[in-house]
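Participant:
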Amino acid sequence: MMFGFFMILVDSTIVAVANVVIMQKLGTDYDGVIWVTSAYLLAYAVPLLVAGRLGDRFGPRNLYLAGLAVFTLASLWCGLSGSIGMLIAARVVQGLGAALLTPQTLSTITRIFPPERRGAAMSVWGATAGVATLVGPLAGGVLVDHLGWQWIFFVNVPIGIVGLALAWVLVPELPTERHRFDVLGVVLSGVGMFGIVFGLQEGQTHDWAWWIWLVILGGLGFMAAFVYWQSVNPDEPLIPLTVFHDNDFCLSNVAVATIGFCVTAMILPVMFHAQAVLGLSATESALLTAPMAVVSGMLAPLVGKLIDRYPPQPIVGSGFSALAIGLTWLSFGLTPDTPLWQLVLPFVAMGVGMAFIWSPLAATATRNLPPRLAGAGSGVYNATRQVGSVLGSAGMAAYMTSRITAEMPTGGRPVAGEGAPVTLPPFLHEPFATAMSQSLLLPAFVALFGVVAALFLRGQATAAPLVRPRTSVPEPPEPNYFPDDDEYVEYTVDRAAFDAVDDPAPWDWHDVPDEPDEPRTSPIPLHVEPAADEHWHRVDDGRDSPTYDSGSFEASATPRRGRHYRDDEAEDPGVYGLHSM
1301 MMFGFFMILV DSTIVAVANV VIMQKLGTDY DGVIWVTSAY LLAYAVPLLV
1351 AGRLGDRFGP RNLYLAGLAV FTLASLWCGL SGSIGMLIAA RVVQGLGAAL
1401 LTPQTLSTIT RIFPPERRGA AMSVWGATAG VATLVGPLAG GVLVDHLGWQ
1451 WIFFVNVPIG IVGLALAWVL VPELPTERHR FDVLGVVLSG VGMFGIVFGL
1501 QEGQTHDWAW WIWLVILGGL GFMAAFVYWQ SVNPDEPLIP LTVFHDNDFC
1551 LSNVAVATIG FCVTAMILPV MFHAQAVLGL SATESALLTA PMAVVSGMLA
1601 PLVGKLIDRY PPQPIVGSGF SALAIGLTWL SFGLTPDTPL WQLVLPFVAM
1651 GVGMAFIWSP LAATATRNLP PRLAGAGSGV YNATRQVGSV LGSAGMAAYM
1701 TSRITAEMPT GGRPVAGEGA PVTLPPFLHE PFATAMSQSL LLPAFVALFG
1751 VVAALFLRGQ ATAAPLVRPR TSVPEPPEPN YFPDDDEYVE YTVDRAAFDA
1801 VDDPAPWDWH DVPDEPDEPR TSPIPLHVEP AADEHWHRVD DGRDSPTYDS
1851 GSFEASATPR RGRHYRDDEA EDPGVYGLHS M
């Protein structure tokens, strides 16, 4: 399943390298070419919620195969497109296929691997994302330079066919569950997301006219209606609100939306700067991001081991801190005169940060999810990630356009369209580089929200409630506990249930007369010597037996009457143990 997941992640990054060439060949402007990415991300994000539920209903394997088939056919359509409108339409269909496929990967990992081994599995999931970040721009650069921009889509066709064959043979069938589908929820969330993204992306183009604000407010209203509908839906909602009862799941969704925003927003100004200011080819531009992906992929196995041993707060928090530092560092380095090797170092810092973000977040988000909610939880998590990516693309498009308008000497934009030069004239290098540098401060600021979310992660599975005996006797108050470091044989008995027994069996323990009924709570329960006038008896025959010293008592010996002592191994506050003397 990682094969198909890898392919769609490659396609998310491969187009960024070809944006300048697509803008030139298809005669469009910055807004038009950015919609090639935003349309894909929007179509990818909206169906993710229902795709997770479909995976629970029809099986992750079947949805994976359907999604990969749609994605492969849509890739062929993208390559054959002759206009920007047709390319955007094909990218929408491609995003739908990716949406069907993606939740099934995380859902399958959640179902197959127990929580204590899920971190290692998630490291493979995170390493796949890291390698795709490297392969996407590099493959895109080589294909654009030597075969043309169409081949960044054509290359998906043979890969998709191989992926379908492998999935048909290797991906296992998993149990399915019946689910109703929240059609109204899908409509509300889809319309709301589209309104928000469209308004953000087109606002600068239309000078933030009143109707742009109306579209954005309408999108927010639809999203508010969607949230309300999920809370009152009498049938099965699109998002079961029970998944948000887990603190780590909620915070992980905030953090993954943040990383999705930062990665998508970061790549746009970097690629425009590399090709329009530095004059690099598509392949050379892609090589700038290679250190980030290489470092992320190399550290993924190590981070996978850390996830299962240490809490997520320091891991994820340090990752977002490194990402924010790297983005700020890169922002100051985007000048026409900066040597290329100085641009590599910030990407290394960002690669370290991403290695400590992707896998730990996925493992933390799914740690406490029960199998019946695996599909829904995976759908919500991936949808949140894509929502962050969509907002990152739209937000960066608006902010980047505003900075270009403010910094360019004519107050406008560079020439775009068929026959326009890929590299800007020298007198525009400085203002355009300044605009790109300022644009990178947006994802650097947003990364700080990930740091804040990481501070409140817990990273511990919710303990299951203890099973208590059925008794009407009230439970005693919680005692103080001490380490169980003795060698006595201990029998765990609920004190309240024990006292409720009227006629104990011959083998039952009971107190020696003249002793209080309250349990002993000494912090040192070892080697308690009997009183001088006390003798212990066997219950079965009543014969006197010698006084026993504090030595350990073999488990196979006949039980003897003795005092009540606490069960120091018990996790139940109402449980006491009986120490054999």
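Under my numbering, think of the first position of the sequence shown as 1301, with each following residue one higher.
By construction, the Cβ of each residue, glycine as well, lies at the ideal position given by its N, Cα and C atoms.
No experiment lies behind these values; they were computed from the predicted model shown.
(1) Could you say which of VAL1595, GLU1502, LEU1484 lies nearest to TRP1529 if we only look at CA atoms?
(2) Roughly how many angstroms lie between the CA atoms of LEU1326 and ILE1334, to the nearest whole one?
(3) Starting from PRO1403 and walking both ways along the alpha helix (DSSP H), at which residues does that stretch end?
(4) If you draw a straight line from the C-alpha of PRO1360 to the C-alpha of SER1407, how long is it?
(5) Quick check: the region 1316-1331 against the region 1357-1373, are there 3 or more CB pairs under 8 angstroms?
(6) For VAL1793, does the three-state DSSP call read helix, strand or coil?
(7) Going by DSSP in three states, GLY1492 sits in which element: helix, strand or coil?
(8) Between SER1659, VAL1486, ASN1553, which has its C-alpha nearest GLU1536's C-alpha?
(9) Distance check for MET1592 and LEU1578, CA to CA, integer angstroms please.
(10) Distance, Cα to Cα, VAL1424 vs VAL1563?
(11) Let me check understanding here. Comparing Cα to Cα, which of GLY1617, LEU1488, LEU1634, MET1700 lies closest to LEU1551?
(12) Alpha carbon to alpha carbon, how far is VAL1556 from TRP1276? Give it in angstroms, no decimals.
(13) ASP1356 to SER1678, Cα distance in whole Å?
(14) Between the region 1493-1509 and the region 1618-1635, can you find at least three pairs of beta-carbon atoms closer than 8 angstroms?
(15) On the premise that LEU1466 lies in contact with PHE1647, defined as a C-beta separation below 8 angstroms, what is that separation, rounded to the nearest angstrom?
(16) Using C-beta distances below 8 angstroms, list every residue in its chain close to ALA1665, excluding the 5 sequence neighbours before and after it, in chain order.
(17) Does PHE1632 pass the burial test, meaning 16 or more other C-beta atoms within 10 Å, or should it be called exposed?
(18) Report the option in ALA1576, LEU1464, LYS1605, ALA1398 whose CA atom is closest to the CA atom of ASP1311.
(19) Quick one: what does DSSP say ARG1685 is sitting in, helix, strand or coil?
(20) Find out if the Cβ-Cβ distance for the pair GLY1695, LEU1742 is shorter than 8 angstroms.
(21) Does DSSP put PHE1756 in a helix, in a strand, or in coil?
(22) Quick check: what's the CA-CA separation for PRO1571 versus GLY1651?
(23) Does PRO1458 pass the burial test, meaning 16 or more other C-beta atoms within 10 Å, or should it be called exposed?
(24) So, at 7 angstroms on beta carbons, what are the nonlocal neighbours of MET1307 in its own chain, with the 5 sequence-adjacent residues on each side left out?
(25) Out of SER1739, VAL1751, ARG1667, which one is the CA nearest neighbour of ARG1411?
(26) Can you give me the C-alpha to C-alpha distance between ASN1780 and ASP1546, rounded to a whole angstrom?
(27) By the 10 Å Cβ neighbour count, where 16 or more other Cβ atoms means buried, how is TYR1610 classified, buried or exposed?
(28) Alpha carbon to alpha carbon, what distance is there between ILE1512 and VAL1286?
(29) Report all residues from its chain with a CB closer than 6 angstroms to the CB of ILE1452; omit the five preceding and five following residues, and keep chain order.
(30) In whole angstroms, give me the CA-to-CA distance for ALA1649 and TYR1330.
(31) Taking C-alpha atoms, which residue in LEU1634, VAL1393, GLN1450 lies nearest to ALA1366?
(32) Should GLY1385 be labelled buried (16 or more other beta-carbon atoms within 10 Å of its own) or exposed?
(33) Quick one, are the C-beta atoms of LEU1400 and LEU1341 less than 8 angstroms apart?
(34) Less than 6 angstroms between C-beta atoms, sequence neighbours within five positions excluded: which residues of the same chain meet that for GLY1692?
(35) To the nearest angstrom, how far is it from the Cα of ALA1744 to the Cα of ALA1735?
(36) Could you tell me how far apart the beta carbons of ALA1574 and LEU1580 are, in whole angstroms, since I believe they sit closer than 8 angstroms?
Facilitator: According to the data block:
(1) The residue labelled residue 1529 in the question sits at position 229 within the sequence shown. When each option's Cα is compared against that of TRP1529, the closest is LEU1484.
(2) Within the sequence shown, residue 1326 is the residue found at index 26, counting from 1. Within the sequence shown, residue 1334 is the residue found at index 34, counting from 1. Distance between the alpha carbons of LEU1326 and ILE1334: 13 angstroms.
(3) Walking along the sequence shown from the start, residue 1403 turns up at place 103. Where PRO1403 is concerned, the enclosing alpha helix (DSSP H) stretches over 1384-1412.
(4) As a working note, residue 1360 is residue 60 in the sequence shown. As a working note, residue 1407 is residue 107 in the sequence shown. Roughly 8 angstroms between the two C-alpha positions.
(5) no
(6) The residue you call residue 1793 lines up with position 493 of the sequence shown. Model confidence at VAL1793 stands at a pLDDT of 46, short of 50, so the residue's coordinates are unreliable; what they give is reported in the following sentence. Residue state, collapsed to three classes: strand.
(7) Reading the sequence shown from its first residue, position 192 is the one you call residue 1492. Note: GLY1492 maps to helix in three-state DSSP.
(8) Mapped onto the sequence shown, residue 1536 falls at position 236. For GLU1536, the nearest C-alpha among the options comes from VAL1486.
(9) For the purposes of this step, residue 1578 is taken as residue 278 along the sequence shown, with counting starting at 1. For the purposes of this step, residue 1592 is taken as residue 292 along the sequence shown, with counting starting at 1. Spanning the two alpha carbons is a distance of roughly 20 angstroms.
(10) Position 124 of the sequence shown holds residue 1424. Position 263 of the sequence shown holds residue 1563. When rounded, the distance between both Cα atoms is 19 angstroms.
(11) Stepping through the sequence shown from its first residue, residue 1551 is reached at position 251. Among GLY1617, LEU1488, LEU1634, MET1700, the Cα nearest to that of LEU1551 belongs to GLY1617.
(12) What is shown of the chain runs 1301 to 1881, which leaves residue 1276 out entirely.
(13) Here residue 1356 is taken as the residue at index 56 of the sequence shown, counted from 1. Here residue 1678 is taken as the residue at index 378 of the sequence shown, counted from 1. Near 10 angstroms, if we compare the C-alpha coordinates of SER1678 and ASP1356.
(14) no
(15) Working through the sequence shown from its first residue, we reach residue 1647 at position 347. Working through the sequence shown from its first residue, we reach residue 1466 at position 166. 32 angstroms between Cβ atoms; not a contact.
(16) Translated into positions along the sequence shown, residue 1665 becomes position 365. So the list reads ASP1548, PHE1549, SER1552, ASN1553, VAL1556, GLY1677, TYR1681, once near-sequence residues are dropped.
(17) Position 332 of the sequence shown, counting from 1, holds the residue named residue 1632. Flag for PHE1632 reads exposed.
(18) Counted from its first residue, the sequence shown places residue 1311 at position 11. Of ALA1576, LEU1464, LYS1605, ALA1398, the residue nearest in Cα terms is ALA1398.
(19) Within the sequence shown, residue 1685 is the residue found at index 385, counting from 1. DSSP places ARG1685 in helix when its eight states are reduced to three.
(20) Counting from 1 along the sequence shown, the entry for residue 1695 is found at position 395. Counting from 1 along the sequence shown, the entry for residue 1742 is found at position 442. Cβ distance < 8 angstroms, so GLY1695 and LEU1742 count as in contact.
(21) Within the sequence shown, residue 1756 is the residue found at index 456, counting from 1. Note: PHE1756 maps to coil in three-state DSSP.
(22) The residue labelled residue 1571 in the question sits at position 271 within the sequence shown. The residue labelled residue 1651 in the question sits at position 351 within the sequence shown. Residue 1571 is actually Met in this sequence, not Pro. Straight-line Cα distance between these residues: approximately 17 angstroms.
(23) One-based indexing of the sequence shown puts residue 1458 at position 158. Exposed: under 16 other Cβ atoms inside 10 Å.
(24) What you label residue 1307 is simply residue 7 of the sequence shown in a count that begins at 1. These residues qualify, in order along the chain: ASN1456, ILE1459, GLY1460, GLY1463.
(25) Here residue 1411 corresponds to residue number 111 of the sequence shown, with the count starting at 1. Ranking SER1739, VAL1751, ARG1667 by Cα distance to ARG1411 puts ARG1667 first.
(26) Position 480 of the sequence shown, counted from the start, is the residue given in the question as residue 1780. Position 246 of the sequence shown, counted from the start, is the residue given in the question as residue 1546. Here the model assigns ASN1780 a pLDDT of 40, short of 50, so the residue's position is not dependable, and the following value carries that caveat. Roughly 29 angstroms separates the two Cα atoms.
(27) The residue given as residue 1610 occupies position 310 in the sequence shown. By the neighbour-count rule (16 or more Cβ atoms within 10 Å), TYR1610 is not buried but exposed.
(28) With the chain covering only 1301 through 1881, there is no way to say anything about residue 1286.
(29) Position 152 of the sequence shown holds residue 1452. Correct list, in chain order: ILE1314, ALA1318, GLY1440, LEU1443.
(30) For the purposes of this step, residue 1649 is identified with residue 349 of the sequence shown, where counting begins at 1. For the purposes of this step, residue 1330 is identified with residue 30 of the sequence shown, where counting begins at 1. Taking the straight line from one Cα to the other gives about 29 angstroms.
(31) For the purposes of this step, residue 1366 is identified with residue 66 of the sequence shown, where counting begins at 1. Of LEU1634, VAL1393, GLN1450, the residue nearest in Cα terms is VAL1393.
(32) Within the sequence shown, residue 1385 is the residue found at index 85, counting from 1. With fewer than 16 other Cβ atoms within 10 Å, it is exposed.
(33) Here residue 1400 is taken as the residue at index 100 of the sequence shown, counted from 1. Here residue 1341 is taken as the residue at index 41 of the sequence shown, counted from 1. For LEU1400 and LEU1341, no; Cβs fall outside 8 angstroms.
(34) Residue numbering aside, residue 1692 sits at position 392 when the sequence shown is read from its first letter. PHE1561, THR1564, ALA1565.
(35) Within the sequence shown, the letter at position 444 stands for residue 1744. Within the sequence shown, the letter at position 435 stands for residue 1735. Whole-angstrom Cα-Cα distance: 15 angstroms.
(36) Residue 1574 sits at position 274 when you count from the first residue of the sequence shown. Residue 1580 sits at position 280 when you count from the first residue of the sequence shown. Yes, ALA1574 and LEU1580 are in contact; Cβ-Cβ is about 5 angstroms, under 8 angstroms.
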